[in-house]
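This report concerns only the one structure given below.
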Amino acid sequence: MTDTQLQAEAIEASTGGSALITNSRGDYLLHLRDDIEGICWPGYWTPIGGRPEPGESLADTVAREVAEETGLTIPLKEFTTVQQRNAEHLGKGPIAIYTGHWDGDAHALPLTEGIMLHWFPASVLPRLRVPPWCREAIALHQDV
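All letters in the sequence shown, in the order written, are residues 1 to 144 by the UniProt record's numbering.
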């Protein structure tokens with residue numbers, strides 16, 4: 001599926017894109033979302049991401065969200081698409097997953113949304129409150 005097709009599906013479904021950012025140890029940078037009503041996956045750990053603004057590509061959406069929420073400007077590569085299936089958490093439809101690499105202190109990043117950023121090895125995910133689509137994306141990434 002091309003970025004244009006992903007973008008059209010994501011916009012139609014009111015979903016978007018997310019960045020699996022890893023470090024040299026293979027840990028994933030996850031964002032603890034605010035636990036408030038009205039947002040997708042409140043109180044869950046998720047990769048950085050969001051919904052496209054009008055006329056914005058998914059690649060640009062993910063790059064913008066990463067920059068806005070962490071201050072990072074890193075190269076991102078299209079990876080896969082996963083399905084968000086739980087309407088209870090205000091999300092349903094495709095999420096385009098991009099990958100990136102960064103080595104640094106997650107706690108030193110200028111967090112502008114949510115509660116905190118933290119590096120986690122994939123082996124810890126079963127103990128975290130993580131959406132199914134995030135588990136799926138990381139499992140697919142582990143298989144690469």
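Yeah, the Cβ is synthetic: ideal placement off N, Cα and C, and Gly gets one too.
Return helix, strand or coil for residue 138, following the three-state DSSP convention. Position 138 of the sequence shown, counted from the start, is the residue given in the question as residue 138. Helix, per DSSP.
Compare the beta carbon distance of residue 20 and residue 47 with 7 Å and say whether it is the shorter of the two. Within the sequence shown, the letter at position 20 stands for residue 20. Within the sequence shown, the letter at position 47 stands for residue 47. Result yes, Cβ atoms of residue 20 and residue 47 sit closer than 7 Å.
Beta-bridge partners of residue 61, as assigned by DSSP: Taking the first residue of the sequence shown as 1, we reach residue 61 at position 61. In DSSP, residue 61 forms no bridge with anything.
Could you name the residues that DSSP lists as bridge partners for residue 50? Taking the first residue of the sequence shown as position 1, residue 50 is located at position 50. Beta-bridge annotation (DSSP): residue 50 is paired with 17.
Tell me whether residue 18 is buried or exposed, calling it buried when 16 or more other Cβ atoms sit within 10 Å of its Cβ. Here residue 18 refers to the residue found at position 18 when the sequence shown is read from its first residue. So residue 18 counts as buried.
Endpoints, the beta strand (DSSP E) within which residue 94 is located: Here residue 94 refers to the residue found at position 94 when the sequence shown is read from its first residue. Per DSSP, residue 94 belongs to the beta strand (DSSP E) from 93 to 101.
Return the residue from the list 38, 49, 143 and 103 that minimises the CA-CA distance to residue 95. For the purposes of this step, residue 95 is taken as the residue at position 95 of the sequence shown. The shortest Cα separation from residue 95 among 38, 49, 143 and 103 belongs to 49.
Starting from residue 82 and walking both ways along the beta strand (DSSP E), at which residues does that stretch end? One-based indexing of the sequence shown puts residue 82 at position 82. Run containing residue 82: 77 to 84, per the beta strand (DSSP E) assignment.
For residue 80, collect the residues of the same chain with a Cβ closer than 6 Å to its Cβ; drop the 5 residues on either side in sequence, then sort them by chain order. Taking the first residue of the sequence shown as 1, we reach residue 80 at position 80. A distance below 6 Å between beta-carbons, with the five flanking residues on each side excluded, links residue 80 to the following residues of its chain, in chain order: 97 and 140.
Using 7 Å as the threshold, is the C-beta distance between residue 66 and residue 58 below it? On the sequence shown, position 66 is the one that residue 66 refers to. On the sequence shown, position 58 is the one that residue 58 refers to. Not a contact, by the Cβ cut-off of 7 Å.
Taking a contact to mean a Cβ-Cβ separation below 7 Å, would you say residue 51 touches residue 42 in this structure? Reading the sequence shown from its first residue, position 51 is the one you call residue 51. Reading the sequence shown from its first residue, position 42 is the one you call residue 42. No.
Is the beta carbon of residue 15 closer than 7 Å to that of residue 69? For this step, residue 69 is matched to residue 69 along the sequence shown. For this step, residue 15 is matched to residue 15 along the sequence shown. No, they are not a contact pair.
What are the start and end residues of the beta strand (DSSP E) that includes residue 32? The sequence position of residue 32 within the sequence shown is 32, counting from 1. Element bounds for residue 32: 28 to 32.
With H, G and I counted as helix, E and B as strand and the rest as coil, what does DSSP make of residue 117? As a position in the sequence shown, residue 117 is number 117, starting the count at 1. Residue 117 falls in the strand class under three-state DSSP.
Report all residues from its chain with a CB closer than 6 Å to the CB of residue 74; omit the five preceding and five following residues, and keep chain order. Here residue 74 refers to the residue found at position 74 when the sequence shown is read from its first residue. Contacts found: 100 and 102.
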